[in-house]
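Using my numbering, the first residue of the sequence shown is number 1, and each one after it goes up by one. See below for the structure under consideration.
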Amino acid sequence: MKKFGLIGKNISYSESKNIFDSYNFSDATYNIYDVDRLDKDFLKTLDGFNVTTPYKVEIIKYLDCMSPIAKEIGSVNCVVNINGDLIGHNTDLLGFECLINKDVKNILLLGNGGVSKMVQFFCKLNNINLTIVGRENSNGYKDISYNELNDLSRYDCVINATKFNHVPDIDYTKIQKDAYIIDLAY
1 MKKFGLIGKN ISYSESKNIF DSYNFSDATY NIYDVDRLDK DFLKTLDGFN VTTPYKVEII
61 KYLDCMSPIA KEIGSVNCVV NINGDLIGHN TDLLGFECLI NKDVKNILLL GNGGVSKMVQ
121 FFCKLNNINL TIVGRENSNG YKDISYNELN DLSRYDCVIN ATKFNHVPDI DYTKIQKDAY
181 IIDLAY
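Written out as structure tokens, the structure reads:
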């Protein structure tokens, strides 16, 4: 029986197991692994796993190799165990590319954790202006803090990439009425 799962911290809210189980795979299991720290020996017992908060960047030091896209983005959300080698991928980018409208020119990104690295990469590839808002200069990048955020009308896309169940304290009525609002927190 193949073993898959989701690795993260404080992730009891996740529906990943229910979604996986709904497909009724007879040769595989999927579990939620809510862990305080990563352990390579444990990770190698799994055939593959998804990675979520707060480990999308930290997981990199436990990998044997990474796909070129994951390496360039600097964030991993999916790991495959091939003959004992842990290989990291970033599938967030593909999903995001399918989601975002090509007319978007100015993105406001709320949060600067692991998933924000993918949004930064996407914006760079597509020549989209990006402003990153964070509570602190997490992971070495942030353009402005929440209390410096005053002109929401110039953004045609606002993305929430903060922790699950966290709604940033901003004046949502100041966002232009035809702007795209995307929640990547789950």
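By construction, the Cβ of each residue, glycine as well, lies at the ideal position given by its N, Cα and C atoms.
Leaving out the 5 sequence neighbours to the left and right, which residues in its chain are closer than 8 Å to lysine 40 when beta-carbon positions are compared? Stepping through the sequence shown from its first residue, residue 40 is reached at position 40. Apart from the 5 residues on each side of it in sequence, lysine 40 sits with its Cβ closer than 8 Å to the Cβ of Tyr62 and Leu86 in its chain, given in chain order.
Enumerate in chain order the residues of its own chain whose CB-to-CB distance from valine 80 is below 6 Å, with the five nearest sequence positions on each side excluded. In the sequence shown, the residue the question calls residue 80 occupies position 80. Once the five neighbours on either side are set aside, the close Cβ partners of valine 80 are Gly48 and Ile87.
Buried or exposed: which applies to tyrosine 55, given that a residue is buried once 16 or more other Cβ atoms fall within 10 Å of its Cβ? Working through the sequence shown from its first residue, we reach residue 55 at position 55. With 16 or more Cβ atoms within 10 Å of its Cβ, tyrosine 55 is classed as buried.
Do the CB positions of isoleucine 69 and lysine 105 come within less than 8 Å of each other? For this step, residue 69 is matched to residue 69 along the sequence shown. For this step, residue 105 is matched to residue 105 along the sequence shown. Going by C-beta atoms, isoleucine 69 is not nearer than 8 Å to lysine 105.
Looking at the unbroken alpha helix (DSSP H) that takes in lysine 163, where does it start and where does it end? In the sequence shown, the residue the question calls residue 163 occupies position 163. It is not in any alpha helix (DSSP H) - lysine 163 carries neither H nor E in the DSSP assignment.
Segment contact, 8 Å Cβ cut-off, at least three pairs: the stretch 148-167 with the stretch 28-47: Contact between the stretch 148-167 and the stretch 28-47 is absent, because fewer than three Cβ pairs lie under 8 Å.
Quick check: what's the CA-CA separation for asparagine 90 versus serine 26? Here the question's residue 90 lines up with position 90 in the sequence shown. Here the question's residue 26 lines up with position 26 in the sequence shown. The alpha-carbon of asparagine 90 is positioned some 27 Å away from that of serine 26.
For lysine 17 and tyrosine 30, which I take to be in contact (beta-carbon distance under 8 Å), what is that distance rounded to the nearest angstrom? Walking along the sequence shown from the start, residue 17 turns up at place 17. Walking along the sequence shown from the start, residue 30 turns up at place 30. Rounded, the Cβ-Cβ distance is 5 Å, consistent with contact.
Tell me whether alanine 28 is buried or exposed, calling it buried when 16 or more other Cβ atoms sit within 10 Å of its Cβ. As a first step, residue 28 must be located in the sequence shown, where it is residue number 28. Answer is exposed; the Cβ neighbour count stays below 16.
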